[in-house]
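Here the sequence shown is numbered in the UniProt record's numbering, starting from 1 and rising by one per residue.
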Amino acid sequence: MVAYYNFNRIRFEFNQFFPIILEHFVEVVQLDDDIATFAVDSLRQLTSKFLERDELAHFNSQLDSAEPSPLTIRCRLLALELLMTMLNQLSQAKCPVVADILTSQGGDLCVAISKNATSSHAGLFENSLSLFSLILTQHRHLFKPQIPVLLCDVYLPVLAGNATLQHKQHLLQSLALWCTQPQTLVDLYVNFDCDLHMPSCIEDLLHRCCQAYATQPAQALAVLEGVLRSLAGWMVPAHPMSPINGRTSASPLGEDGQPTPSPTELGVGPAESKASEE
1 MVAYYNFNRI RFEFNQFFPI ILEHFVEVVQ LDDDIATFAV DSLRQLTSKF
51 LERDELAHFN SQLDSAEPSP LTIRCRLLAL ELLMTMLNQL SQAKCPVVAD
101 ILTSQGGDLC VAISKNATSS HAGLFENSLS LFSLILTQHR HLFKPQIPVL
151 LCDVYLPVLA GNATLQHKQH LLQSLALWCT QPQTLVDLYV NFDCDLHMPS
201 CIEDLLHRCC QAYATQPAQA LAVLEGVLRS LAGWMVPAHP MSPINGRTSA
251 SPLGEDGQPT PSPTELGVGP AESKASEE
């Protein structure tokens, strides 16, 4: 009954004390797997549900189309921030419980991400995108069924839809960051584009960026440049004597750390090269 009549007060208190205990809260969940699991599940629910006082008896049947109050939005922002911080620190600490949590709650977590990704509120969109970035860059092996859905059906359509300019700019910035990681791109291509039963994530990403070039040319080009640089970096052979473009990786390095161009690449023929050596 207290919660029923004072739910707005609960929201207010949540807004006040969670930023203060954030660091201590993350430290505590690292000590106990059960606490960490319960915390992730609770925060996940806070990021996707927003009860008003008259709706308290219908917590599980809230309408997705309902507009939350400003205080509710603030609570969801804090819950997303806390969830992101906790998962990030647990991942950096390489706690084994992270894989168990994401395996058992991955589906519900992705539903929460998608709900906030479709929000018109810029903060909810950005926080959900940050959470998706964590999954994509560090835990993508646990989310093979969900990643193409979130990427191709939720986020990439933002570039061609009626989303705000702020939404599109933030998404392009995140895409540019992902595309600087060769292993991420290769994993996306191998796991999805090469599977006839999965969406072509890389193809869709490039297509959407080409569409976005009309309104966001600089940022769209940054994404495409990142893809090309990552592919070029991936093609550099790991074996020291593997040939690539007529050169081996055993070529001497210049001051910038790049292989020194051969005389042929510099346009100097055998005779000119020999004369220059004399």
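Idealized CB from N, CA, C, for every residue including glycine.
Pick helix, strand or coil for residue 90, following the three-state DSSP scheme. helix
Contact belief for residue 185 with residue 230 at Cβ below 8 Å, rounded distance in angstroms: 5 Å
Between which two residues does the alpha helix (DSSP H) containing residue 161 stretch? Unbroken run through residue 161: none, as it is neither H nor E.
Taking C-alpha atoms, which residue in 155, 193 and 153 lies nearest to residue 203? 193
According to the Cβ coordinates, are residue 226 and residue 179 closer than 8 Å? yes
Thinking C-beta only, is residue 80 closer than 8 Å to residue 40? With respect to residue 80, residue 40 sits apart: the two C-beta atoms are not nearer than 8 Å.
Which runs of the alpha helix (DSSP H) fall wholly inside the segment 67-135 and span at least 4 residues, in chain order? Listed in chain order, they are 70-92 and 97-117.
Classify residue 169 as helix, strand or coil using the three-state DSSP reduction. helix
Would you kindly work out how many angstroms separate the C-alpha atoms of residue 218 and residue 164, rounded to a whole number? Their backbone Cα atoms lie some 17 Å apart in a straight line.
Have a look at 146, 118, 199 and 138 and flag the residue whose alpha-carbon is nearest the alpha-carbon of residue 168. 118
Roughly how many angstroms separate the alpha carbons of residue 253 and residue 228, rounded to a whole number? At residue 253, the pLDDT of 40 sits below 50, so the modelled position is not reliable; the number obtained from the coordinates is stated separately. Taking the straight line from one Cα to the other gives about 22 Å.
At the level of alpha carbons, what is the spacing between residue 149 and residue 174? 17 Å
Between the Cα of residue 106 and the Cα atoms of 73, 45 and 190, which residue gives the shortest distance? 45
I need the straight-line Cα distance from residue 91 to residue 104, nearest angstrom please. 16 Å
Rounded to the nearest angstrom, what separates residue 73 and residue 112 at their Cα positions? 14 Å
Quick one, are the C-beta atoms of residue 214 and residue 172 less than 8 Å apart? no
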